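> A single structure is presented below for examination.
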RNA sequence: CGGGGCGUGGCGCAGCCUGGUAGCGCACUUGCAUGGGGUGCAAGGGGUCCCGAGUUCAAAUCUCGGCGCCCCGACCA
């Protein structure tokens, strides 16, 4: 492509709405433009990268034996009522009516539609296993779309659905998708990690997420330095500390703590480590009561773990101030387990403490020297907290490390969650009707592009991983308006390289060198070729990789071979 | 949804407090110069100041209502 014929401008200034680098750079480089909140147009250069990502996904899905198809984005309400999600899904599901006042929604995902197709088409176990996928636009009316294409309302997703006679076949199909995903993310050139996940709203039993590692990631993921254990922070188990709890050494004592409402305040007021204190959170119970959750002062409550406990309302909600007062007689900030009469869960680490500090359920008063058993009865041991750096790995080997990640893929063994209510049945070998087992597998295609930039950029702009760069080579002609030899050489190179199957972005604009270099770097094209009068006189061209700090000269005559060798490198 | 902030040429912003001619930088057009790291000079084009109502002789500016967007907290590819 010749830049002189490309009318999209790059931006020198950062648009105010863009907070994260990938969003800023995508706008500045002219890859995307915003239409409305969470809605983006893909401009030609951005679309080239998007298509490359799609191509890699398509090739690997095909190779894994999945069959591509395409389902409508607009879906009838009946299917969603059948699966029960018309009620469950909430406001993220964009609902609409047609001219006959019939209810529809914009598909946020396609389990219902595919299950409907499969239950009509597949009758026999002999047709299984089957895996269907599509690369298609999804719509989720996000509460707060942000970070550009990273969390947009409309986005492109690759979604695949597999169907099996039994759980064993599902596990096999799942494994095949795991392998395909590993190949896909490896091929995109991104640094990623597969982690165990909580299956959340989509449901099912087993699930793993694929994360691109990046400081700006919205998710916390943890892995062990001792083996291959890796999990989303939400799903990472915290082990009970080893060894028995020390015996009580101090008497229970009330101390006034005026104005102390946080663990930080408490720790400095009493000069104790936060790890010697305990915080008590009251949450709504399942039976209109309140449930107390106790974690060590320096730990954080894990909401996913907490809402799985018997008696806790789903989704997890902190109790209101009034309910807290009614249950304890105190305000948040002075709560504690001593004398609490309702259901009481305590995290393993909190339970391992002796002589700890906690609220006294009396405003501005705390206890010191608190001990389980002696002062608090009926605490149920549970894993309630987020793991932290240095915790022992649940695998039993190594220590955990917490890093940030961007979720770009998620695979699930759904089991019969959809096929059962929607009657996805086939006949098995013995002629009996059995419910199909189902897996589903998603990739955020548009999100991969943003994640790639988060992981690969510098102060000058994007640095595309080669497999998904919009062009392989940027050809910069310097002073071609003045110099016929520069112009002719650059034109000839462009023709030659393009004919040789190389994707070249040819900067033939009547612009100054600085402008061209700056744009080439902002756009992040991996290989840069410069044609200038200076080098040409010596029969040389200049080559520089986007990650290099220095250019290298090479003979103008071997351009094609030279570039080929660099592309292969 | 709850809390904070912002809506002024395509983009980034000033002006608003203390009402009276709409301004700066980038981008764009034209000309001249320049020609290896966002070049210089000059001349231009482009704005219902988010919308509506009110106060006033007069509203970008003050008041009220609406809409839109951004940022901070519970979800997801």
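In the numbering used here, the protein residues as written are 265 to 833. Note that CB positions come from ideal geometry on N, CA and C, so glycine has one too. These numbers were taken from a predicted model, which means no experiment stands behind them.
May I ask which residues mark the beginning and end of the beta strand (DSSP E) holding residue 631?
For the purposes of this step, residue 631 is identified with residue 367 of the first chain, where counting begins at 1. Looking at the DSSP string, the run of the beta strand (DSSP E) that includes residue 631 is 629-634.
> Please work out which residues of its chain come closer than 6 Å, Cβ to Cβ, to residue 816, disregarding the five sequence neighbours upstream and downstream, and give them in chain order.
In the first chain, counting from the first residue as 1, residue 816 sits at position 552. 807, listed in sequence order.
> Rounded to the nearest angstrom, what separates residue 618 and residue 496 at their Cα positions?
Position 354 of the first chain, counted from the first residue, corresponds to residue 618. Position 232 of the first chain, counted from the first residue, corresponds to residue 496. Taking the straight line from one Cα to the other gives about 31 Å.
> How about the region 592-602 and the region 635-643: do they share at least three Cβ pairs that are nearer than 8 Å?
The region 592-602 is in contact with the region 635-643.
> Could you please give me the residues that DSSP links to residue 741 through a beta bridge?
Along the first chain, one-based indexing puts residue 741 at 477. According to DSSP, residue 741 bridges with 795.
> To which residues of the same chain is residue 645 closer than 7 Å at the C-beta, ignoring the five residues directly before and after it?
For this step, residue 645 is matched to residue 381 along the first chain. Only 610, 612 and 615 meet the Cβ criterion.
> Would you tell me roughly how many angstroms separate the C-alpha atoms of residue 812 and residue 709, rounded to the nearest one?
On the first chain, position 548 is the one that residue 812 refers to. On the first chain, position 445 is the one that residue 709 refers to. Near 29 Å, if we compare the C-alpha coordinates of residue 709 and residue 812.
> Quick one, are the C-beta atoms of residue 358 and residue 350 less than 9 Å apart?
Numbered from its first residue, the first chain carries residue 358 at position 94. Numbered from its first residue, the first chain carries residue 350 at position 86. Contact flag unset, no.
> Rounding to the nearest angstrom, what Cα-Cα distance links residue 761 and residue 296 in this structure?
Within the first chain, numbered from 1, the residue matching residue 761 stands at position 497. Within the first chain, numbered from 1, the residue matching residue 296 stands at position 32. When rounded, the distance between both Cα atoms is 28 Å.
> Please state if the CB of residue 787 and the CB of residue 734 are separated by a distance shorter than 9 Å.
Within the first chain, numbered from 1, the residue matching residue 734 stands at position 470. Within the first chain, numbered from 1, the residue matching residue 787 stands at position 523. Contact flag set, yes.
> Taking 6 Å as the limit between beta carbons, can you name the residues of its chain near residue 558, skipping five residues before and five after?
The sequence position of residue 558 within the first chain is 294, counting from 1. Result list for residue 558: 542, 544, 601, 610 and 614, in chain order.
> Which residue comes first and which comes last in the beta strand (DSSP E) that contains residue 558?
Residue 558 sits at position 294 when you count from the first residue of the first chain. Segment 554-560, the beta strand (DSSP E) holding residue 558.
> Is residue 766 helix, strand or coil when you go by DSSP?
Looking up residue 766 in the first chain gives position 502. Here residue 766 sits in coil by DSSP.
> Determine whether the beta carbon atoms of residue 387 and residue 688 lie at a separation below 9 Å.
Locating residue 387 in the first chain gives position 123, where the first residue counts as 1. Locating residue 688 in the first chain gives position 424, where the first residue counts as 1. No.
> To the nearest whole angstrom, what separates the beta carbons of residue 339 and residue 376, a pair I think is in contact under 8 Å?
Numbered from its first residue, the first chain carries residue 339 at position 75. Numbered from its first residue, the first chain carries residue 376 at position 112. At roughly 7 Å, the Cβ-Cβ gap stays under 8 Å, so residue 339 and residue 376 are in contact.
> Could you give the distance in angstroms between the alpha-carbon of residue 583 and the alpha-carbon of residue 289?
Looking up residue 583 in the first chain gives position 319. Looking up residue 289 in the first chain gives position 25. When rounded, the distance between both Cα atoms is 42 Å.
> Name the DSSP bridge partner or partners of residue 702?
Start at 1 with the first residue of the first chain, and residue 702 comes out as number 438. The partner list for residue 702 (beta bridge, DSSP) reads 427 and 679.
> What would DSSP say about residue 581, mapped onto helix, strand or coil?
As a working mapping, residue 581 is identified with position 317 in the first chain. In this structure, residue 581 counts as coil in the three-state DSSP scheme.
> Could you spell out where the alpha helix (DSSP H) holding residue 373 opens and where it closes?
Translated into positions along the first chain, residue 373 becomes position 109. Per DSSP, residue 373 belongs to no alpha helix (DSSP H) and is neither H nor E.
> Among 300, 302 and 281, whose alpha-carbon lies nearest the alpha-carbon of residue 292?
As a position in the first chain, residue 292 is number 28, starting the count at 1. Checked all of 300, 302 and 281; the closest Cα to residue 292 is 281.
> I'd like the ranges of any beta strand (DSSP E) spanning at least 3 consecutive residues and lying wholly in the region 342-393.
Listed in chain order, the complete beta strand (DSSP E) runs (minimum 3 residues) inside the region 342-393 are 359-361 and 367-370.
> Would you identify the three-state DSSP class for residue 412, choosing helix, strand or coil?
Within the first chain, the letter at position 148 stands for residue 412. If DSSP states are grouped into helix, strand and coil, residue 412 belongs with the helices.
> Tell me the DSSP secondary structure of residue 451 in three-state form.
For the purposes of this step, residue 451 is taken as the residue at position 187 of the first chain. Helix at residue 451.
> Could you please give me the residues that DSSP links to residue 421 through a beta bridge?
Sequence index remark: in the first chain, residue 421 carries index 157 (1-based). Looking at the DSSP assignment, residue 421 forms a beta bridge with 400 and 708.
> In this structure, what does DSSP give as the bridge partners for residue 697?
In the first chain, residue 697 corresponds to position 433, counting from 1. 691.
> Exposed or buried, which one is residue 273 when buried takes at least 16 other CB atoms within 10 Å?
Mapped onto the first chain, residue 273 falls at position 9. Per the 10 Å Cβ criterion, exposed.
> Compute the beta-carbon to beta-carbon distance between residue 452 and residue 707, rounded to the nearest angstrom, for a pair I have assumed lies under 8 Å.
Taking the first chain and counting its residues from 1, one reaches residue 452 at position 188. Taking the first chain and counting its residues from 1, one reaches residue 707 at position 443. The Cβ separation is near 10 Å, so there is no contact.
> Taking 9 Å as the cut-off, decide whether the C-beta atoms of residue 268 and residue 783 are in contact.
Start at 1 with the first residue of the first chain, and residue 268 comes out as number 4. Start at 1 with the first residue of the first chain, and residue 783 comes out as number 519. Taking 9 Å as the Cβ cut-off, residue 268 and residue 783 do not qualify as a contacting pair.
> Please confirm whether residue 560 and residue 531 have their CB atoms less than 9 Å apart.
Counted from its first residue, the first chain places residue 560 at position 296. Counted from its first residue, the first chain places residue 531 at position 267. Against a cut-off of 9 Å, the Cβ pair of residue 531 and residue 560 comes out as no contact.
> Determine the DSSP secondary structure at residue 598, reduced to helix, strand or coil.
For the purposes of this step, residue 598 is taken as the residue at position 334 of the first chain. Residue 598: coil per DSSP, three-state reduction.
> Could you give the first and the last residue of the continuous alpha helix (DSSP H) run that contains residue 317?
Here residue 317 refers to the residue found at position 53 when the first chain is read from its first residue. 308-327 is the span of the alpha helix (DSSP H), which, as asked, contains residue 317.
> Whose CA, out of 410, 797, 719 and 724, lies closest to the CA of residue 749?
Numbered from its first residue, the first chain carries residue 749 at position 485. Out of 410, 797, 719 and 724, 797 has the C-alpha closest to the C-alpha of residue 749.
> For the beta strand (DSSP E) containing residue 470, name the first residue and the last one.
Here residue 470 refers to the residue found at position 206 of the first chain. Residues 470-477.
> For residue 748, name the three-state secondary structure that DSSP assigns.
Position 484 of the first chain, counted from the start, is the residue given in the question as residue 748. Three-state DSSP puts residue 748 in a helix.
> How many whole angstroms separate the CB atoms of residue 480 and residue 668, which I take to be in contact at a CB cut-off of 8 Å?
Indexing the first chain from 1 puts residue 480 at position 216. Indexing the first chain from 1 puts residue 668 at position 404. With 8 Å as the limit, residue 480 and residue 668 qualify as a contact, their Cβ atoms being about 7 Å apart.
> Within 10 angstroms of its Cβ, does residue 324 collect 16 or more other Cβ (buried), or is it exposed?
Within the first chain, numbered from 1, the residue matching residue 324 stands at position 60. Buried.
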